[in-house]
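Just below is one structure, and these are the notes that go with it.
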Amino acid sequence: MSFLGKNYLIRSHNGMKIFNAIKDLPIIDPHNHANVKEIAANRNYSDVWQLFAATDHYVWETLRKRGVDEEYITGNKSSRDKWLKLASVFPELIGNPVYEWLHLDLQRYLGVKHLIGPDTGELIWEEANAALAAPKRRPQALLKTIGVEAMCSTDDPIDLLEEHAEANRQIGRTLVRPTWRPDKAMNISAPGWREYMTKVAERFNITLNSVSDLIRAMRMSHDYFAANNCVASDHGVEVAPDITANVSDADAGFKKALKGKVLQPNEIAAFKGYFFAKIASFNAEKDWVFQLHLGAVRDVRDSLWETLGADSGGDICDHFQDHLSPLKYFLNRFDGRLKVVLYCLDPGHQPLLATLSRAFGEKVRLGSAWWLCDHPIGMRRQLEYIGAVDVLANFAGMVSDSRKLLSYGSRFEMFRRVLADVLGEMADNGQAPLSPLQDLAITMAYRGPKRFFNL
Amino acid sequence: MSFLGKNYLIRSHNGMKIFNAIKDLPIIDPHNHANVKEIAANRNYSDVWQLFAATDHYVWETLRKRGVDEEYITGNKSSRDKWLKLASVFPELIGNPVYEWLHLDLQRYLGVKHLIGPDTGELIWEEANAALAAPKRRPQALLKTIGVEAMCSTDDPIDLLEEHAEANRQIGRTLVRPTWRPDKAMNISAPGWREYMTKVAERFNITLNSVSDLIRAMRMSHDYFAANNCVASDHGVEVAPDITANVSDADAGFKKALKGKVLQPNEIAAFKGYFFAKIASFNAEKDWVFQLHLGAVRDVRDSLWETLGADSGGDICDHFQDHLSPLKYFLNRFDGRLKVVLYCLDPGHQPLLATLSRAFGEKVRLGSAWWLCDHPIGMRRQLEYIGAVDVLANFAGMVSDSRKLLSYGSRFEMFRRVLADVLGEMADNGQAPLSPLQDLAITMAYRGPKRFFNL
Amino acid sequence: MSFLGKNYLIRSHNGMKIFNAIKDLPIIDPHNHANVKEIAANRNYSDVWQLFAATDHYVWETLRKRGVDEEYITGNKSSRDKWLKLASVFPELIGNPVYEWLHLDLQRYLGVKHLIGPDTGELIWEEANAALAAPKRRPQALLKTIGVEAMCSTDDPIDLLEEHAEANRQIGRTLVRPTWRPDKAMNISAPGWREYMTKVAERFNITLNSVSDLIRAMRMSHDYFAANNCVASDHGVEVAPDITANVSDADAGFKKALKGKVLQPNEIAAFKGYFFAKIASFNAEKDWVFQLHLGAVRDVRDSLWETLGADSGGDICDHFQDHLSPLKYFLNRFDGRLKVVLYCLDPGHQPLLATLSRAFGEKVRLGSAWWLCDHPIGMRRQLEYIGAVDVLANFAGMVSDSRKLLSYGSRFEMFRRVLADVLGEMADNGQAPLSPLQDLAITMAYRGPKRFFNL
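Taken in order, these protein sequences are the chains called A, B and C. Heads up: the first sequence runs through residues 57 to 511, numbered per the numbering used here. Heads up: the second sequence runs through residues 57 to 511, numbered per the numbering used here. Heads up: the third sequence runs through residues 57 to 511, numbered per the numbering used here.
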């Protein structure tokens, strides 16, 4: 089989028949980190490094593993030098999805067929940059080429969402939606939280004297987002907060933190738990989806954190986390009235989350293989397992989770191929007939998420 | 390959050759939840919902995931209405083993070949019910059709086992055996424990003044079960109790609980640990198998628990459990003199349990992929892994774990096909010759469990 | 496919093409438990039991599982009786890698093609022993046949390494290198530690009054090993020590232990943490690799431990271990200046370790599937997963970890075949072109480890 060819990732005729039923469906991407400003501005990309690697810590981490110096990754070298350095080690990245993604981006969307390597770096630099200069490679045109029907970026509650409005105005329909992500407000013990509170107060013209004031501001933001096409919130936590906390403990912690004092772990927990339950109740009222990204231990590599800050690498998963205790309270409190998506980072947590999803009925769903699991083997193992324990038709759907626009194409293609292959194997094995498997694939790839997220 | 056809779940010629060596072997099912009364009464089943779904929370959970209202699951709707509702969503359950099991039941034992779906619900209702009305579809005839040689139901120590005797009398040999499951006596902190103690006292005509009295009653029950063809006990625990507890602490807890007082965690633990070790020693004396079902966290969904009680759904697994600490004491205490089967619920615990099995020699064995792992991918992954760490020939054998009589056929067929496929792959890979693999398959599917359980 | 035939473990043409690119590369084995005395003495092996089983607790554990009496395993029976007993149950070991390894040893290196079984035990005893008597079956000749270019045994800091020197002198080049394994010095609470301290004092002619004296002795040993071709240390721990300990706490514990007093857990931890960090800094200075074997819980079966002591069986893995807390400190402290190999025992820890490897850049690498994971399915699952999360080209390489000389051949063959199969599948799936996959295979099988370990 040829590299990224027609049968890429698909091992049987049944798999191809299923893939053919889904490959041209529009893209629904309910969670990504789109640069909406870039879409609204709709300017051509300057060069292939900017588009492929400049904002992508997935790429950065693999380059570091191959000994590339930081000045060629996040440092001061030119885009061209960085690209050539990337090309020089790129064949050594085989196995990591970055190798497939960048080649998919090149082949499928820029029409460049060369393998990235030390001998082709310059050539690709020329050809890809030339391709990027064409009008059809501007962000809005690319979204059309990729077939994006709806996508949800990730946004801060104080964001005015003006770029979303502008992008949709230019495009002529509601393509780009925001997602409400109040992590900054909840992370009461993080550096910068007080400064952020000041901004919240300004944004909503409210004095923050108590936790109830903050909840009121959040409510205003939540309403504002709803009026601006938002259908979901998103939350990143190592483990879910314990929502049995009461308002007076939360308020005490809030007031103490506002004064700049250091909180004790139980004070932090009380605030977070109370806050978390409150905003979940907002979602329940509006029938928004509550997206929960569980398990990421961030910034464990001090040398990166100290020089580059967050979202630059050094993030890991950890099996040794107690997710059940807090989730049990949370899922019971909102049972039957809150749509929840559970995203799993450590594969060892998948059985807990899948059986919780199974236990809590229609509204609780498993999200796609996330981040460090977002590759063919991670997606395959997840789909095989959750199908057997949970119900595949309830899958919350693929999300790109990406900062990079072309990922809405290449990551979805990878997912749809793996999905087709897994379901095709079920047909091969005589576990289900082909026709309802094709129908299931359409549900999982398009209809299901569209309905669940109200898109 | 056709749905559930000749090659169902088997991918190679070697796999088929292995399957042919085991497919017609009698069924040994050392752990199920048979309704023995139903077997003794030997009446035709009223309808296909009663047989397939009315007692099966595996089915219930999948229907809930697809948004079926509870009145069509455990509620007051008629069997016909419930069946038609099930049929209306059934194609959406593809991937979950329920989809395969019910079709296997229909095709293999009722001769109904239609796919269950919204357009065939009525037709199947008619055809399957007509099939069920035939004399050859009565419980005892079905057991013969399925080829059950021996099976062990799950019974309470105060049970008189009269239905077991009656069923065997009618069948003309010892087909149905009881399993001694004293969980109710051990769960000292559960609602209803005191009432249960009253029943124990009555059953064995004994006054329960101390924990030793209870142990004496348990001993009488254990002897009674032994005289009634029992060969094994069964125990369901989140984690095994700590058996280092002493009799005086256990007795203090017992007396306090008898008075209706609430026990502290350490008091509960002392009682359970002492009780557990005592009954294990009974098994050791009689060479019974001690079956240990580890890891199930039950009834986490309050809304189900409050309305429907136990065994109605809402059960999960959890990676974050310390199984080693208590098992180390337990397995050492009874090393070399107690036959133990370890059933694993969370796949993440499999390596610990498999290496413990490896470490503790011939008498400690791994049970088949249990409950939330009882599906083709769960069985496959378990067999692949435990074969490599432990020794496949020591596998404790498949059990249906089912309340449903037809499951003794369909679940065993699924297992034997997966087993044949896994071993066939070893032949394909040149890891072992075909002939000893066929022999190993016979050991795993029949000879081994028969010998280990003394059946 | 024939048993252990040309295509053994390899399922596709691409896999064979990759295997052909690596099968004849020299063996680099940076971690084993070679009996260097045996190599230096270079005498013929007395018999096949001695070579295959007498020192191998992998074999012992499988025999115990099949009910073989200990007198035929580690007891007083003759080698011949032991071998015949092994043969009588050997077909029952199918699935366990021991079945494949022993047949590989026989076929590939002794030219004996019979299947081991009850009917062939005597025949193989005769033929294999005759083969072993030939000059070409002496240790040094076998190392040449196998193609070992470099190997690292595991040695105690007080070892004089005279046999290494003698073996290399005879061979005419530096083939056998030592590895510095100071576990005995670190295990301050283990029986025999004080006696061991006496030996350390004698060996380095130093009085041990404080922990600094011990560190000084270790430094002398480290230097001595370096002068004798050592390139790596090795450390076996359940979880890594907490290196935040300070010197005064470590010293207090050291002095207390020297007096024969029992240490508290915090005192043990302080000593171990300080010691661990100190020796890691030695490695950093010399650019040695720091090999960390994580997670083994040893000697859990009391009956074995009490009669046979360490390394006789009864060792397990356990999911419920917190590896992140101590590793976070350790990897940050030595970030960028220490080459580390992480060996994972419980498959559930692999995601943590793989993402840590990903996070900490070029110098931190994952070791090959270790011990209870060292079999085709363990290697396959590890390679599939770490490729997707980490970078395959950074793999630390296969090690035999074996006491048995033929394992340097048979275990490496198994690894190379699995590697070829996994990478071949990537070619089949269109995930990468064949040619760079062949190149990657060469890097993973030979070039990479050679460079990383400075061999």
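Backbone N, C-alpha and C define an ideal beta-carbon position, used for all residues, glycine too. In this text the structure is predicted, and so the values were computed from the model without any measurement.
Beta bridge counterpart(s) of residue i as assigned by DSSP
| i | result |
| --- | --- |
| histidine 291/A | Leu348/A |
| aspartate 85/A | Met207/A |
| cysteine 400/B | Leu350/B |
Secondary structure of residue i, DSSP reduced to three states
| i | result |
| --- | --- |
| lysine 395/C | strand |
| leucine 422/B | strand |
| valine 447/A | coil |
| arginine 233/A | strand |
| isoleucine 372/A | strand |
| aspartate 307/A | helix |
| asparagine 132/B | coil |
| serine 268/C | helix |
| threonine 176/B | coil |
| phenylalanine 509/A | coil |
| serine 144/B | helix |
| arginine 120/B | helix |
| alanine 326/C | helix |
| phenylalanine 416/A | coil |
| lysine 169/A | coil |
| glutamine 226/C | helix |
| leucine 60/A | coil |
| glutamine 377/C | coil |
| lysine 334/C | helix |
| phenylalanine 390/B | coil |
| tyrosine 252/B | helix |
| glutamine 406/A | helix |
Amino acids of chain C, ordered along the chain, whose beta-carbon sits closer than 7 Å to that of residue i
| i | result |
| --- | --- |
| leucine 496/B | Ile150 |
| isoleucine 52/A | Not covered by the structure: residue 52/A. The range shown for chain A is 57 to 511. |
| tyrosine 155/A | Ala488 |
| threonine 118/A | Val447 |
| asparagine 261/B | Residues of chain C passing the Cβ test: none, with the nearest at roughly 41 Å. |
Chain-ordered chain B contacts of residue i [CB-CB under 8 Å]
| i | result |
| --- | --- |
| phenylalanine 59/C | Gly486, Gln487, Ala488, Pro489 |
| aspartate 446/A | Lys121, Asn152 |
Contacts that residue i makes with chain A (C-beta to C-beta distance below 9 Å)
| i | result |
| --- | --- |
| proline 407/C | Ile372, Cys373, Asp374, His375, Leu401, Asp402, Pro403, Gly404, Leu428, Cys429 |
Contact list for residue i against chain A, beta-carbon separation under 7 Å
| i | result |
| --- | --- |
| asparagine 63/B | Gly486 |
| leucine 171/B | Pro489 |
Interface residues of chain B facing residue i [CB-CB closer than 9 Å]
| i | result |
| --- | --- |
| serine 456/C | Chain B residues near serine 456/C: none, gap ~17 Å exceeds 9 Å. |
Partner residues on chain B for residue i, Cβ-Cβ distance less than 7 Å
| i | result |
| --- | --- |
| aspartate 378/A | Phe376 |
Where residue i meets chain C, residues with beta-carbon distance less than 9 Å
| i | result |
| --- | --- |
| glycine 392/A | Within 9 Å Cβ-Cβ: nothing; glycine 392/A doesn't reach chain C, min ~33 Å. |
| proline 238/B | Result: empty, since nearest Cβ-Cβ is about 27 Å, beyond 9 Å. |
Closer than 8 Å at the beta carbon, the chain C residues around residue i
| i | result |
| --- | --- |
| aspartate 358/A | Asn388, Asp391 |
Residues that residue i contacts on chain A, provided the C-beta gap is smaller than 8 Å
| i | result |
| --- | --- |
| threonine 201/C | Going along chain A, no residue has its Cβ under 8 Å from threonine 201/C, so there is no contact; the nearest lies around 32 Å. |
I'd like the ranges of any alpha helix (DSSP H) spanning at least 4 consecutive residues and lying wholly in the region 428-506 of chain C. 432-445, 463-484, 490-498
In chain order, what residues of the region 61-88 of chain B put their CB closer than 9 Å to some CB of chain A? Those would be Gly61, Lys62, Asn63, Tyr64, Leu65, Ile66, Arg67, in chain order.
Taking a cut of 7 Å between CB atoms, which residues from the region 266-278 of chain B lie near chain A? So the list is empty, because no residue satisfies the distance condition.
Residues in the region 291-309 of chain A having any Cβ partner in chain B nearer than 9 Å: So nothing in the stretch comes that close.
Name the residues in the region 411-428 of chain A whose C-beta lies less than 7 Å from a C-beta of chain B; which are they? Interface annotation for the region 411-428 of chain A against chain B: Thr411, Leu412, Arg414, Ala415, Phe416, Gly417, Glu418, criterion Cβ-Cβ distance under 7 Å.
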